[in-house]
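Undergrad:
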Amino acid sequence: MSAEKANLELDLRCMSYNIKNAYDKEGDNVWSSRKELVAGIIRFHRPDLVGMQEVLYSQLEDLQALLPEYGWIGVGREDGDKDGEFSCIFYRTQRLKPLRQNTFWLSEHPEEPGSLGWDAACRRIVTWGEFQDLYTGKTFLHFNTHFDHIGKVAVEQSAHLILERIKKLAIDRPAVLTGDFNVTADSVPYRVLTGQGETGAALLRDASREAAYRHFGPAFTFQGFDSREVAARTFPAFLEPQDNHGIEFESPIDFIFVAGKVQVLTYGSVADHHQGKMPSDHYPVVADIKW
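Each step along the sequence shown adds one to the number in the working numbering, with nothing skipped, and position 181 is 171.
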């Protein structure tokens, strides 16, 4: 085996993917018409880790059947068991072994299952795992979350709470944070997460800005299953003002952050679709990392 190939095999591919829940039972975007597409994205791009958001237990069962090479960790946010959306982590079992796992709630009572935080509209969680890389023997932590879409206080306090937990659990080890944060890079929660305005080195770094190779794919990550929105963001010069629909261009809300001695080799968003049909209302984002 060449040294170049050996190094490639030791890189870790990490994905964050909001797959859209399965609550809708009618229409073009029901889960039964999307599950093969979501699994196909993962199967083709072969991430070692996938932090997913909006996953119901029935969707977990479907994906486990479609992706037998992966295991997963996580709990439902409503009861700490199977009820409600999971922020689960899928991992490739040939490469990774979970050593520890847990979930905490983004609230004033993080250890209380089902607790609702601050002014949040929904219960929100962070699932994390300590993994051993079976290729190298090294260990690292992966945190995965989905921030609230309404509560401004909740989102900012969630950022502080996650930072506190990563510092406590990872200490000086490599760590990855994936998620749908429902905020853009010009927001207060993003600045909290990346330590802007703080003295000293930031704990978390945005992988899209750390990559050795510039961002690949669309800069935005939410397209709402709307091909008009995709076209509007991709080709804004061709829009009439009345067709803009208030779309914010170049505004990702899905991120991968890294901590510790993690190097980001590549980063991008995956705009794959099947003959125009989107697997989800979000694009997954992917980073190749090593340490």
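All C-beta atoms, glycine included, are put in the ideal place defined by N, C-alpha and C.
The structure displayed is predicted, hence computed values, not measured ones.
Can you list, in chain order, the stretches of the beta strand (DSSP E) that have 3 or more residues and sit fully within the stretch 144 to 224?
TA: You should have 165 to 170 and 194 to 196.
Undergrad: Rounded to whole angstroms, what's the CA-CA distance from S270 to A261? Just pull it up for me.
TA: Counting from 1 along the sequence shown, the entry for residue 270 is found at position 280. Counting from 1 along the sequence shown, the entry for residue 261 is found at position 271. Cα-Cα distance, rounded: 10 Å.
Undergrad: When you compare each of A202, A55 and Q84 to G127 by their alpha carbons, which one comes out closest?
TA: Along the sequence shown, read from residue 1 onward, the residue named residue 127 stands at position 137. Nearest option by C-alpha distance: Q84.
Undergrad: Hey, out of V166, S22, D216 and S241, whose CA is closest to V252's CA?
TA: The sequence position of residue 252 within the sequence shown is 262, counting from 1. Considering only alpha carbons, the answer is V166.
Undergrad: If you run the structure through DSSP and keep just helix, strand and coil, what is Q84?
TA: Numbered from 1 along the sequence shown, position 94 holds the residue referred to as residue 84. Q84 falls in the coil class under three-state DSSP.
Undergrad: Please state the DSSP three-state secondary structure of L255.
TA: Residue numbering aside, residue 255 sits at position 265 when the sequence shown is read from its first letter. DSSP places L255 in strand when its eight states are reduced to three.
Undergrad: Which term fits K158, buried or exposed, when burial requires 16 or more other beta carbons within 10 angstroms of its beta carbon?
TA: Translated into positions along the sequence shown, residue 158 becomes position 168. Exposed, because fewer than 16 other Cβ atoms sit within 10 Å of the Cβ of K158.
Undergrad: Please state whether the Cβ-Cβ distance between E141 and W108 is less than 8 Å.
TA: What you label residue 141 is simply residue 151 of the sequence shown in a count that begins at 1. What you label residue 108 is simply residue 118 of the sequence shown in a count that begins at 1. The question names Glu, but residue 141 in the sequence shown is Gly. Yes.
Undergrad: Which residue wins for smallest C-alpha separation from I246, given the options L255, G266, A277 and Y273?
TA: Residue 246 sits at position 256 when you count from the first residue of the sequence shown. Out of L255, G266, A277 and Y273, A277 has the C-alpha closest to the C-alpha of I246.
Undergrad: Alpha helix (DSSP H) containing G60: first to last residue?
TA: One-based indexing of the sequence shown puts residue 60 at position 70. The amino acid occupying residue 60 in the given sequence is Tyr; Gly does not appear at that position. Here Y60 belongs to no alpha helix (DSSP H); instead the beta strand (DSSP E) covers Y60 to I63.
Undergrad: In whole angstroms, what is the alpha-carbon distance linking R82 and E26?
TA: Against the sequence shown, residue 82 aligns to sequence position 92. Against the sequence shown, residue 26 aligns to sequence position 36. Their backbone Cα atoms lie some 18 Å apart in a straight line.
Undergrad: Helix, strand or coil: how does DSSP classify G236 here?
TA: Residue numbering aside, residue 236 sits at position 246 when the sequence shown is read from its first letter. Confidence in G236 is poor, its pLDDT being 42 and thus under 50, which makes the residue's placement too unreliable to answer from.
Undergrad: Helix, strand or coil: how does DSSP classify Q265 here?
TA: Here residue 265 refers to the residue found at position 275 when the sequence shown is read from its first residue. Looking at Q265 - three-state DSSP - the assignment turns out to be coil, as it is neither helix nor strand.
Undergrad: Could you tell me the alpha carbon to alpha carbon distance between Q147 and F212, rounded to whole angstroms?
TA: Sequence index remark: in the sequence shown, residue 147 carries index 157 (1-based). Sequence index remark: in the sequence shown, residue 212 carries index 222 (1-based). Straight-line Cα distance between these residues: approximately 23 Å.
Undergrad: Quick one: what does DSSP say L46 is sitting in, helix, strand or coil?
TA: Position 56 of the sequence shown, counted from the start, is the residue given in the question as residue 46. Coil.
Undergrad: According to DSSP, which residues form a beta bridge with V276?
TA: Working through the sequence shown from its first residue, we reach residue 276 at position 286. Beta-bridge pairing links V276 to M5 and G258.
Undergrad: For the beta strand (DSSP E) containing E120, name the first residue and the last one.
TA: On the sequence shown, position 130 is the one that residue 120 refers to. From DSSP, the beta strand (DSSP E) with E120 extends over I115 to D123.
Undergrad: Taking the straight line between their C-alpha atoms, what separation do you get for S23 and D71?
TA: Within the sequence shown, residue 23 is the residue found at index 33, counting from 1. Within the sequence shown, residue 71 is the residue found at index 81, counting from 1. The alpha-carbon atoms of S23 and D71 are separated by roughly 26 Å.
Undergrad: If we count the other Cβ atoms within 10 Å of its Cβ and call it buried at 16 or more, is A249 buried or exposed?
TA: Counting from 1 along the sequence shown, the entry for residue 249 is found at position 259. When all chains shown are included, A249 counts as buried.
Undergrad: How is I79 classed by DSSP in three states: helix, strand or coil?
TA: Taking the first residue of the sequence shown as 1, we reach residue 79 at position 89. In this structure, I79 counts as strand in the three-state DSSP scheme.
Undergrad: Closest to A202 by CA distance: which of L46, G258 and H150 is it?
TA: Counted from its first residue, the sequence shown places residue 202 at position 212. It is G258 whose Cα lies nearest to the Cα of A202.
Undergrad: Counting C-beta neighbours from all protein chains within 10 Å, is the total for Q49 16 or more, i.e. buried, or is it exposed?
TA: Taking the first residue of the sequence shown as position 1, residue 49 is located at position 59. Per the 10 Å Cβ criterion, buried.
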